[in-house]
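Under full-length UniProt numbering, residues 1 to 327 are what the sequence shown spells out, in order.
Report on the structure given below.
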Amino acid sequence: MQDLVQAYKEEKNARIKERILAVKLHVVDGKSEKEVSKMLNKGYSTIKLWIGKYKKEGLDGLKDKPRSGRPRKVEEEKIKQILEDKPQKYGIQQEYWTMKTLKIALQEQGIEYKKSRLYELVHELGYNLVKPRPTNIQAEKDKWEDFKKIKKLERKALFFLDECRTVISTSIKKVLAKVGSKPVMRVNIGFSSIYVILAINAWTGEVVVSLAKRPNSESVKYFLRYFKRRVGSGRVYMVMDNYSPHKTKGTLEVCRRKGIHPVFTPPYSPELNMAEAVFKSLKNYMSNKIFYTIEDVKNCIKQFFEENKYRFNLNAITYLGLDKIEV
């Protein structure tokens with residue numbers, strides 16, 4: 001055990017030093033392989049591989065072995081290029097790469113790797129195994145039809161409307177900390193919440209914002225009236241999802257009287273709404289902060305929009321890729 005501690009202090013190579021630390025945390029500090037994986041933000045199979053090599057070969061097992069044949073850098077560049085390409089380019093009829101299909105593509109290029117070593121390389125290149133979110137093929141077709149609708153509204157008064165729930169409890173995001181340390185953050189745990197209702201101009205990124213206790217038909221109608229007072233007269237197109245308060249008779253009547261033409265997106269299509277990007281920034285802004293009252297939450301929301309001057313660097317052309325769509 002002492003050799004691990006000493007080796008960690010003396011090692012100059014950052015890659016090898018990280019491997020020694022992983023083994024030290026497991027062997028000396030008694031952490032499980034899964035705990036070490038989380039602490040170092042490394043794949044579980046990578047940590048398992050390093051620990052296995054140490055148990056079998058000692059410290060020598062953690063060092064890079066000299067490789068014969070094709071230089072390592074060339075192989076890494078080839079793997080990186082394949083990962084950036086679609087599998088179909090290599091005759092594999094899948095949407096995304098898996099370890100199995102990547103191994104097949106590499107074999108066809110004359111590159112052989114054990115599965116464990118290949119996973120380690122892939123992880124070092126910034127990739128990890130994640131489960132994709134499914135989307136219905138018909139919904140995808142509907143989405144493209146809606147893209148075309150929005151494209152036709154270019155140069156029209158077009159806005160995207162959505163709601164977002166913010167809570168008093170602290171949302172924790174990753175922070176910088178020394179490797180092996182586990183920082184502790186004070187948090188407030190509560191269930192009080194406030195809803196942000198927002199409409200963003202599709203072309204300028206300017207926003208109109210209101211707060212509501214709950215996202216019901218009354219709060220949506222109030223927002224639409226407030227919104228129209230802010231933007232002035234003239235016909236407005238409003239893209240929104242199929243959330244029931246958006247489609248009540250009362251809401252549609254307010255839209256009719258105020259000259260707001262609703263454009264409803266297909267189900268499960270949050271990526272069609274530019275407001276989502278603003279809400280993502282808002283949640284990041286509010287993370288790691290302590291709120292003692294709901295007024296603190298409101299003040300934080302207000303400060304976020306004031307700092308951004310109620311305008312965001314977003315437009316529908318680039319956000320939705322409308323420049324690539326032919327109507």
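Cβ atoms here follow ideal geometry from the backbone N, Cα and C, with glycine treated the same way.
In this text, all values refer to a predicted model and were calculated from it rather than measured experimentally.
Closer than 7 Å by C-beta to residue i: which residues in its own chain qualify, once you throw out the five before and the five after it? Chain order, please.
{"i": "K247", "result": "none"}
{"i": "S217", "result": "P245, T248, G250 and T251"}
{"i": "T101", "result": "P87, I92 and Q94"}
{"i": "G43", "result": "S37, Y119, H123 and N128"}
Inspect the beta-carbon positions of residue i and residue j and report whether they are closer than 8 Å.
{"i": "I294", "j": "I168", "result": "yes"}
{"i": "I301", "j": "T166", "result": "yes"}
{"i": "V254", "j": "K221", "result": "yes"}
{"i": "Y237", "j": "L158", "result": "yes"}
{"i": "W203", "j": "A275", "result": "no"}
{"i": "L40", "j": "S116", "result": "no"}
{"i": "N273", "j": "D296", "result": "no"}
{"i": "residue 332", "j": "L224", "result": "With the chain running from 1 to 327 in the structure shown, residue 332 is simply not present."}
{"i": "residue 379", "j": "T265", "result": "Summary: the structure shown does not reach residue 379, with the chain confined to residues 1 through 327, and so no result is reported for it."}
{"i": "Y90", "j": "E108", "result": "yes"}
{"i": "L320", "j": "I200", "result": "no"}
{"i": "I47", "j": "E33", "result": "yes"}
Could you check which residue in the options has the C-alpha nearest to that of residue i?
{"i": "F291", "options": "I194, L272 and N242", "result": "I194"}
{"i": "L83", "options": "N41, H123 and D60", "result": "H123"}
{"i": "N128", "options": "L158, Y96 and Q109", "result": "Y96"}
{"i": "K174", "options": "M185, C164, R165 and T166", "result": "M185"}
{"i": "T170", "options": "W203, D162, G190 and C300", "result": "G190"}
{"i": "V5", "options": "Y310, I16 and L21", "result": "L21"}
{"i": "Y8", "options": "F312, Q303 and L59", "result": "L59"}
{"i": "S269", "options": "F160, A14 and K114", "result": "F160"}
{"i": "K55", "options": "H26, C255 and E77", "result": "H26"}
{"i": "G30", "options": "A316, G180 and Q81", "result": "G180"}
{"i": "F304", "options": "V207, G232, R117 and V239", "result": "V207"}
{"i": "P132", "options": "H261, T98 and E163", "result": "T98"}
{"i": "L62", "options": "K24, I16 and D85", "result": "I16"}
{"i": "A277", "options": "C164, Q109 and D85", "result": "C164"}
{"i": "K213", "options": "K298, R256 and P267", "result": "K298"}
{"i": "R256", "options": "P267, R235 and E18", "result": "R235"}
Determine the burial state of residue i: buried for a count of at least 16 other Cβ atoms within 10 Å of its Cβ, exposed for fewer.
{"i": "S210", "result": "buried"}
{"i": "P215", "result": "buried"}
{"i": "residue 332", "result": "For residue 332 there is no data in the structure shown, the boundaries of the chain being 1 and 327."}
{"i": "L125", "result": "exposed"}
{"i": "S309", "result": "The sequence as given places Lys at residue 309; Ser does not occur at that position. K309 comes out exposed."}
{"i": "K228", "result": "buried"}
{"i": "M286", "result": "buried"}
{"i": "A14", "result": "exposed"}
{"i": "A105", "result": "buried"}
{"i": "E23", "result": "The question names Glu, but residue 23 in the sequence shown is Val. Buried, since its Cβ has 16 or more Cβ neighbours within 10 Å."}
{"i": "D162", "result": "buried"}
Leaving out five residues on either side along the sequence, give the residues of the same chain with a beta carbon under 6 Å from the beta carbon of residue i.
{"i": "residue 350", "result": "An answer regarding residue 350 cannot be provided, because it is not within the stretch 1 to 327 covered by the chain."}
{"i": "E76", "result": "none"}
{"i": "V74", "result": "none"}
{"i": "R311", "result": "G205 and E206"}
Please indicate yes or no: does the CB of residue i lie closer than 7 Å to some heavy atom of the ligand PLP?
{"i": "M99", "result": "Although the ligand PLP was asked about, the structure shown includes no ligands whatsoever."}
For residue i, which residues from the same chain have a beta carbon less than 8 Å from its beta carbon, with the 5 sequence-adjacent residues on both sides left out?
{"i": "Q138", "result": "Because the pLDDT of Q138 is 46, which lies under 50, any placement of that residue in the model is unreliable, and the number read from its coordinates should be weighed accordingly. Here the set comprises nothing."}
{"i": "H261", "result": "R235, V236, Y237, M238 and C255"}
### Query
Can you list the beta strand (DSSP E) stretches of 3 or more residues lying completely in the UniProt domain "Tc1-like transposase DDE" (158-297), in chain order?
158-167, 193-201, 207-212, 236-240 and 260-264, all fully within the UniProt domain "Tc1-like transposase DDE" (158-297).
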